[in-house]
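Just so you know, the sequences run in chain order A and B.
Going by my numbering, the residue at position 110 of the first sequence is 111; the numbering climbs one at a time, nothing skipped.
Going by my numbering, the residue at position 154 of the second sequence is 192; the numbering climbs one at a time, nothing skipped.
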Amino acid sequence: MNFKAIFKENPLPATMLLFCTLLVCTFLFLILGEIFSKGLSALSWSFIFDAPKNGMTKGGILPAIVGTLLLTLITTLASLPIGIACAIYLSEYAKNNTTTQIIRAAIRNLAGVPSIIYGLFGLALFVQGLQLGTSILSAGLTLGLLSLPYIITTTEEALKTVPQSMREGALALGATQFETIRDIVLPASIPGIATGVILSLSRAAGETAPILFTGAAFYVTGLPGNLFQEFMALPYHLYMLTTQHQSIATVRPLAYGTAAVLIILVFMLNIVAFMIRNKFRKQLK
Amino acid sequence: MVQAALVKTKPVIEISDLNLYFGEKQVLKNIQLTIPQKMVTAMIGPSGCGKSTLLRTLNRLHDLSPDARITGKVTIDGQDIFHKNTLVNKLRKKVGMVFQKPNPFPKSIYDNVAYGLQINGFPKDKIPQMVEESLRKSYIFDEVKDKLQEPATRLSGGQQQRLCIARTIAVKPEIILMDEPCSALDPLSTLKIEELILELKNDYTIVIVTHNMQQAARVSDFTAFMYLGELIEFDETHKIFNNPEKQLTENYIKGHFG
Ligand SMILES: Nc1ncnc2c1ncn2[C@@H]1O[C@H](COP(=O)(O)OP(=O)(O)O)[C@@H](O)[C@H]1O
Ligand SMILES: [Mg+2]
């Protein structure tokens, strides 16, 4: 049925649904418009490739960009292998009994825990407990914990979309369960896994609260040289420029510029997720 | 009597006192059945009577369902398939399976057949030749020889099913289980698969579940009739179709033919 026909058949629900959709789009574009219109004047190559100068009223945000990229890398390394392993266990190996259900429910609930709580937990466990100090490592591990529930849940969903007949087909040829997962189930679910993982990571990359107490710094000279140093990160830098700086009004364009860079970074991650999904979809078809 | 007919054959699968429960529900009831080597044995019976369940017992696919409970004994070549020392992946290599819905892997046509060879440790340099051989034996080689690297899912249903047969025979099983292999196919593809089955029985023991009486009559040497989880009658196919011992068998056959 085409658009017009739907409207003709029953105009009221169609109109209301369309209205809601347009409303959502309006807000989305207002936000983006606001940020890019005000941040565009700050955006330049030197903004991206320079360090902050003159008490952060001039210069660029290179340390924050690099900090966020490194942080996301550590987050990925910390959460991806464990998260995928855990999802494989839950989806493929665990018996579907009460214990498994409780574990699964617990993981889903963890996804709803406010991120500031992860920050506190990271402070207690990594910074103080394991004596890693306020560092990019502590912050990355904390964000790793934050991402785990999402990675596990989305990976499990992706594994569940592989039809049981694929598993049976491989097993019936004499494949072990491990071979079946490695050669058939995982490759078939890579688009779903990659999308879920990248979306969780891009969410983690934009978090402020969990890195607030665990390693993000107001200002550091130079880029992080090792895992145990404090670092600058885009979301925290933005927070700082917007609310903590001594001359907020002067740095407002820089704050918008930082916001624009953060959004572009997150968008790029999402586009990668989208491309991976399409590439594999085509291959599987 | 079936005993007389079986004398000329060699038993390969021997099922005794087999019961299977899904939770509380008993799906197979005290099955006794001897399946002869290099013959086609058909399993017929109304939907839900346990044909697929019995078939999937033979390659231990019920290992995947935690609520399936099995008692009794099944031996293949004299080896107890439920024995704790039986390696289930070795058993499944020996007892291949073709499913009701064609289920090619989301890989290329070539890889679909090569996969089983790789995991079963066939020598690498022999694999291309073995892939071709299996595709030829399954009468699909000519149709796919120019597009071996294309995704298998682009093939038609009938081609996919013959590819699944090729992938099954590639690993050199002794027994091939087929669960309504033609039920999702058009008549022409069905005919091709039936011809293939007749060809394959020179080398393999075939157990085929079918809801199509004519098909059972055309391709099988022996037929087992099941009803509500019980094996009602097992005999040579012409006997089952022309002169069954049990009234129930006769009613079922007549209902389908008459
Ligand atoms: N995994 C399962 N769990 C519970 N019941 C099942 C399962 N598989 C099959 N059954 C039941 O077992 C009975 C026999 O099924 P099946 O062997 O598939 O019948 P057929 O192949 O003869 O049509 C049916 O009543 C079906 O509902
Ligand atoms: Mg069935």
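Backbone N, C-alpha and C define an ideal beta-carbon position, used for all residues, glycine too.
Note that the coordinates shown come from a computational prediction; the quantities given were computed from them, not determined experimentally.
#### Entry: Contact with chain A by K76/B, beta-carbon distance below 8 Å
Looking up residue 76/B in the second sequence gives position 38. Closer than 8 Å: no.
### Query
On the premise that Q70/B lies in contact with K48/B, defined as a C-beta separation below 8 Å, what is that separation, rounded to the nearest angstrom?
Mapped onto the second sequence, residue 48/B falls at position 10. Mapped onto the second sequence, residue 70/B falls at position 32. Going by Cβ atoms, the distance from K48/B to Q70/B rounds to 18 Å, so no, they are not a contact pair.
### Partners in chain A for N141/B, counting only beta-carbon separations shorter than 8 Å
For the purposes of this step, residue 141/B is taken as the residue at position 103 of the second sequence. Result: P164, S166, M167, E169, G170.
### Task
Have a look at D51/A, V163/A, A79/A and flag the residue whose alpha-carbon is nearest the alpha-carbon of E93/A.
Indexing the first sequence from 1 puts residue 93/A at position 92. Ranking the options by Cα distance to E93/A, first place goes to V163/A.
### Query
What span of residues does the beta strand (DSSP E) with E35/A cover, start to end?
Position 34 of the first sequence, counted from the first residue, corresponds to residue 35/A. E35/A -> not in any beta strand (DSSP E); alpha helix (DSSP H) instead, spanning 12-40.
### Message
Suppose you measure from the CA of T248/B to the CA of M81/B; what does that come to, to the nearest Å?
### Response
Translated into the one-based positions of the second sequence, residue 248/B becomes position 210. Translated into the one-based positions of the second sequence, residue 81/B becomes position 43. Rounded to whole angstroms, T248/B to M81/B spans 6 Å at the Cα level.
#### Entry: Members of the stretch 157-170 of chain B near chain A, C-beta cut-off 8 Å
I157, N158
#### Entry: Sequence-distant residues of the same chain with beta carbon closer than 6 Å to E52/B, five excluded per side
As a working note, residue 52/B is residue 14 in the second sequence. Contacts found: T72, T113.
### Query
Nearest to Q64/B by alpha carbon, out of G88/B, D241/B, A43/B, M77/B?
Translated into the one-based positions of the second sequence, residue 64/B becomes position 26. Comparing Cα-Cα distances from Q64/B to each of G88/B, D241/B, A43/B, M77/B, the minimum goes to G88/B.
### Query
Is any heavy atom of ligand 2 found at a distance shorter than 7 Å from the C-beta of K89/B?
Here residue 89/B refers to the residue found at position 51 of the second sequence. Flag set: Cβ of K89/B near ligand 2.
### Query
Does K131/B get closer than 8 Å to chain A when you measure Cβ to Cβ?
Mapped onto the second sequence, residue 131/B falls at position 93. Interface residue, yes.
### Query
Under 8 Å between C-beta atoms, does N240/B make it to chain A?
Locating residue 240/B in the second sequence gives position 202, counting from the first residue. No, its Cβ sits nowhere closer than 8 Å to a Cβ of chain A.
### Task
Mind reading off the beta-carbon distance from A106/B to L56/B? Whole number of angstroms is fine, and I expect it under 8 Å.
Taking the second sequence and counting its residues from 1, the one referred to as residue 106/B is at position 68. Taking the second sequence and counting its residues from 1, the one referred to as residue 56/B is at position 18. No, A106/B and L56/B are not in contact; Cβ-Cβ is about 12 Å, not under 8 Å.
#### Entry: Cβ of I185/A within 8 Å of any chain B Cβ
Taking the first residue of the first sequence as 1, we reach residue 185/A at position 184. So, interface residue.
### Task
Determine whether the Cβ of E180/A lies closer than 8 Å to any Cβ atom of chain B.
Position 179 of the first sequence holds residue 180/A. So yes, E180/A belongs to the interface.
### Query
Is P91/A close to chain B, meaning its C-beta is less than 8 Å from at least one C-beta of that chain?
As a first step, residue 91/A is located in the first sequence; it is residue number 90 there, counting from the start. For the record, residue 91/A in the displayed sequence is Leu; it is not Pro. By this cut-off, L91/A is not an interface position.
### Query
Do we get a CB-CB distance below 8 Å when we pair V247/B with the residues of chain C?
Reference to chain C is not applicable here, since the protein chains of this structure are A and B.
### Message
I need the DSSP call for S139/A, collapsed to helix, strand or coil.
### Response
By 1-based counting over the first sequence, the position of residue 139/A is 138. Three-state result, S139/A: helix.
### Closer than 7 Å: E268/B CB and nearest ligand 3 heavy atom
Although ligand 3 was asked about, the structure shown includes only ligand 1 and ligand 2 as ligands.
### Task
Please work out which residues of its chain come closer than 6 Å, Cβ to Cβ, to S221/B, disregarding the five sequence neighbours upstream and downstream, and give them in chain order.
Counting from 1 along the second sequence, the entry for residue 221/B is found at position 183. So the list reads Q138, once near-sequence residues are dropped.
### Message
Could you tell me which whole alpha helix (DSSP H) segments of length 4 or greater appear in the stretch 142-219 of chain A?
### Response
165-173, 178-181, 187-206, 210-213
### Query
Which first and last residues belong to the beta strand (DSSP E) in which T244/A is found?
Start at 1 with the first residue of the first sequence, and residue 244/A comes out as number 243. No beta strand (DSSP E) holds T244/A; DSSP gives it neither H nor E.
### Query
If you draw a straight line from the C-alpha of I291/B to the C-alpha of V78/B, how long is it?
Position 253 of the second sequence holds residue 291/B. Position 40 of the second sequence holds residue 78/B. Rounded to the nearest angstrom, the two C-alpha atoms are 19 Å apart.
### Task
Kindly indicate if chain A contains any beta-carbon less than 8 Å away from that of V209/B.
In the second sequence, residue 209/B corresponds to position 171, counting from 1. Cβ-Cβ to chain A under 8 Å: yes for V209/B.
### Message
If you reduce the DSSP assignment to three classes, tell me which class N150/B lands in.
### Response
Position 112 of the second sequence, counting from 1, holds the residue named residue 150/B. In the structure shown, N150/B sits in a helix (DSSP, three-state: H, G or I).
### Query
Since I108/A contacts T76/A with CB under 8 Å, what's their CB separation in whole angstroms?
The sequence position of residue 108/A within the first sequence is 107, counting from 1. The sequence position of residue 76/A within the first sequence is 75, counting from 1. I108/A to T76/A, Cβ: 18 Å. No contact.
### Neighbour flag for T177/A against chain B, beta carbons, 8 Å
Numbered from its first residue, the first sequence carries residue 177/A at position 176. It does: the Cβ of T177/A has a partner Cβ on chain B nearer than 8 Å.
### Endpoints, alpha helix (DSSP H) assigned at Q253/B
Taking the first residue of the second sequence as 1, we reach residue 253/B at position 215. Here the alpha helix (DSSP H) through Q253/B covers 251-257.
### Message
Could you tell me the alpha carbon to alpha carbon distance between I152/A and I119/B, rounded to whole angstroms?
### Response
Here residue 152/A is taken as the residue at index 151 of the first sequence, counted from 1. Here residue 119/B is taken as the residue at index 81 of the second sequence, counted from 1. The alpha-carbon atoms of I152/A and I119/B are separated by roughly 39 Å.
#### Entry: Simplified DSSP state of M276/A, which is helix, strand or coil
Within the first sequence, numbered from 1, the residue matching residue 276/A stands at position 275. Looking at M276/A - three-state DSSP - the assignment turns out to be helix.
### Query
For P183/B, is the classification buried or exposed, using 16 other Cβ atoms within 10 angstroms of its Cβ as the cut-off for buried?
For this step, residue 183/B is matched to residue 145 along the second sequence. The sequence as given places Lys at residue 183/B; Pro does not occur at that position. By the neighbour-count rule (16 or more Cβ atoms within 10 Å), K183/B is not buried but exposed.
### Message
Can you check whether the C-beta of N127/B is within less than 8 Å of a C-beta belonging to chain A?
### Response
Taking the second sequence and counting its residues from 1, the one referred to as residue 127/B is at position 89. Closer than 8 Å: yes.
### Task
Could you say which of R253/A, S47/A, P115/A lies nearest to S148/A if we only look at CA atoms?
Residue numbering aside, residue 148/A sits at position 147 when the first sequence is read from its first letter. Per the Cα distances, P115/A.
### Query
Under the criterion of a Cβ to heavy atom distance below 7 Å, does V247/B qualify as lining ligand 2?
Translated into the one-based positions of the second sequence, residue 247/B becomes position 209. Yes, the Cβ of V247/B comes within 7 Å of a heavy atom of ligand 2.
#### Entry: Classification of S203/A by the beta-carbon crowding that lies within 10 angstroms, buried from 16 upward
Here residue 203/A refers to the residue found at position 202 when the first sequence is read from its first residue. By the 10 Å Cβ count, S203/A comes out buried.
### Query
Going along the chain, which residues of the stretch 74-103 of chain A sit with their C-beta nearer than 9 Å to a C-beta in chain B?
K96, N97, N98
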